[in-house]
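Okay, structure first, notes after.
Numbering (the UniProt record's numbering), first residue to last: 1 to 295.
This is the structure in structure tokens:
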């Protein structure tokens, strides 16, 4: 591994997992447990996330190196949100710090509930948001089905509210972000609240940001919702997303919908596609609603 600390595209997945900055939780970085000791170079890390596209190794390593830098300067970058007595394997929160006291975003990477694509659909988004001054968390949740993932998301959000002072965040005006399966999580958490999935009664978010999903459920009291999808998505129907957004509009929910043409499914931050820059639009949408937290 290159010294002193940075990861490069030539380093392997195992190098990443075993990096001293990630001691004790490095295995949570990878999509599946069996990937932890892979000798695959990070330049080919997209092969571990078959339902994602446009994985840019340079963006992946930059987001990892941001976390490494924070860890090596004494900042905690990973938090378990279950107690030892209730601890669940392969769960936790990665933390990208913004300005102290700023609102937070909670990000749910996708992977069809069979893997967690944080390397592409979690850490890079959190890096962008934290550089804009917002605090950003990426959820590592259990795979194997929607039920356990939803339990983890509700527990994680409840934990964040309980530890807001320690984390130096504001719980006012927070946002939920997710792609694919993660977008289902963000949308349902926004619609029904953490208590519906075993968490505590906490205020619902100021905004939900969701990417490329066939999710159809909603309530007439949903939070403001921002949605993106590509016309060439082979998994999530753009028309299904558009119909859901139209239904929210009819219910009086503020929405914003962007349809791209060549970004495919699971495009993450969208670099190199016509979706590039979508996060800027999403942040503006969130900022518009920062004072409109849903009770």
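For glycine and all other residues, C-beta sits at the position ideal for the given N, C-alpha and C.
Anticipated Cβ contact below 8 Å, residue i with residue j, distance rounded
{"i": "residue 29", "j": "residue 16", "result": "6 Å"}
{"i": "residue 101", "j": "residue 168", "result": "6 Å"}
{"i": "residue 178", "j": "residue 267", "result": "In fact, because the Cβ distance is near 14 Å, the residues do not count as touching under 8 Å."}
{"i": "residue 42", "j": "residue 20", "result": "Rounded, the Cβ-Cβ distance is 17 Å, inconsistent with contact."}
{"i": "residue 156", "j": "residue 93", "result": "6 Å"}
{"i": "residue 162", "j": "residue 52", "result": "Not really, about 32 Å apart at Cβ, beyond 8 Å."}
Of the residues the options, the one placed nearest residue i, counting alpha carbons only
{"i": "residue 195", "options": "217, 281, 231, 154", "result": "154"}
{"i": "residue 219", "options": "193, 99, 227", "result": "193"}
{"i": "residue 180", "options": "34, 67, 209, 257", "result": "209"}
{"i": "residue 59", "options": "258, 24, 188, 125", "result": "125"}
{"i": "residue 207", "options": "104, 19, 38, 47", "result": "104"}
{"i": "residue 175", "options": "20, 95, 286", "result": "286"}
{"i": "residue 316", "options": "108, 170, 150, 45", "result": "Missing from the structure shown is residue 316; the chain here goes from 1 to 295 and no further."}
{"i": "residue 264", "options": "123, 229, 191", "result": "229"}
{"i": "residue 282", "options": "231, 261, 211, 250", "result": "211"}
{"i": "residue 304", "options": "24, 188, 21, 35", "result": "Past the edges of the chain, shown from 1 to 295, lies residue 304, and the structure says nothing about it."}
{"i": "residue 187", "options": "166, 165, 213, 164", "result": "213"}
{"i": "residue 233", "options": "164, 8, 262", "result": "262"}
{"i": "residue 44", "options": "278, 65, 8", "result": "8"}
{"i": "residue 314", "options": "151, 253, 278, 55", "result": "The structure shown has nothing for residue 314, since the chain only spans 1 to 295."}
{"i": "residue 55", "options": "83, 269, 255", "result": "269"}
{"i": "residue 255", "options": "33, 284, 235", "result": "284"}
Inter-residue spacing [alpha-carbon to alpha-carbon] between residue i and residue j
{"i": "residue 158", "j": "residue 198", "result": "10 Å"}
{"i": "residue 215", "j": "residue 259", "result": "16 Å"}
{"i": "residue 5", "j": "residue 137", "result": "22 Å"}
{"i": "residue 290", "j": "residue 173", "result": "5 Å"}
{"i": "residue 160", "j": "residue 79", "result": "10 Å"}
{"i": "residue 90", "j": "residue 18", "result": "16 Å"}
{"i": "residue 237", "j": "residue 226", "result": "16 Å"}
{"i": "residue 239", "j": "residue 249", "result": "15 Å"}
{"i": "residue 217", "j": "residue 183", "result": "12 Å"}
{"i": "residue 185", "j": "residue 46", "result": "23 Å"}
{"i": "residue 37", "j": "residue 26", "result": "10 Å"}
{"i": "residue 251", "j": "residue 106", "result": "25 Å"}
{"i": "residue 22", "j": "residue 77", "result": "9 Å"}
{"i": "residue 67", "j": "residue 96", "result": "7 Å"}
{"i": "residue 61", "j": "residue 40", "result": "14 Å"}
{"i": "residue 127", "j": "residue 98", "result": "9 Å"}
{"i": "residue 69", "j": "residue 63", "result": "10 Å"}
{"i": "residue 295", "j": "residue 221", "result": "With a pLDDT of 38 at residue 295, under the threshold of 50, the modelled position of that residue is not reliable, and the figure given next carries that caveat. Rounded to the nearest angstrom, the two C-alpha atoms are 10 Å apart."}
{"i": "residue 191", "j": "residue 253", "result": "12 Å"}
{"i": "residue 85", "j": "residue 166", "result": "22 Å"}
{"i": "residue 241", "j": "residue 149", "result": "22 Å"}
{"i": "residue 235", "j": "residue 189", "result": "22 Å"}
{"i": "residue 65", "j": "residue 277", "result": "22 Å"}
{"i": "residue 257", "j": "residue 288", "result": "15 Å"}
{"i": "residue 33", "j": "residue 280", "result": "33 Å"}
Burial state of residue i (16 or more Cβ within 10 Å)
{"i": "residue 135", "result": "buried"}
{"i": "residue 301", "result": "Lying outside 1 to 295, the shown extent of the chain, residue 301 is not represented and no answer is given."}
{"i": "residue 118", "result": "buried"}
{"i": "residue 10", "result": "exposed"}
{"i": "residue 2", "result": "Note on residue 2: pLDDT 43, under 50, position unreliable in the model; the coordinate value appears next. Exposed: under 16 other Cβ atoms inside 10 Å."}
{"i": "residue 223", "result": "buried"}
{"i": "residue 140", "result": "buried"}
{"i": "residue 31", "result": "buried"}
{"i": "residue 231", "result": "exposed"}
{"i": "residue 24", "result": "exposed"}
{"i": "residue 122", "result": "buried"}
Counting Cβ pairs closer than 8 Å, one from the stretch 198-205 and one from the stretch 130-145, do we hit at least three?
no
Is the stretch 238-248 in contact with the stretch 263-273, if contact means three or more CB pairs nearer than 8 Å? no
Pair every Cβ in the stretch 106-124 with every Cβ in the stretch 70-84, then say whether three or more of these pairs are closer than 8 Å.
no
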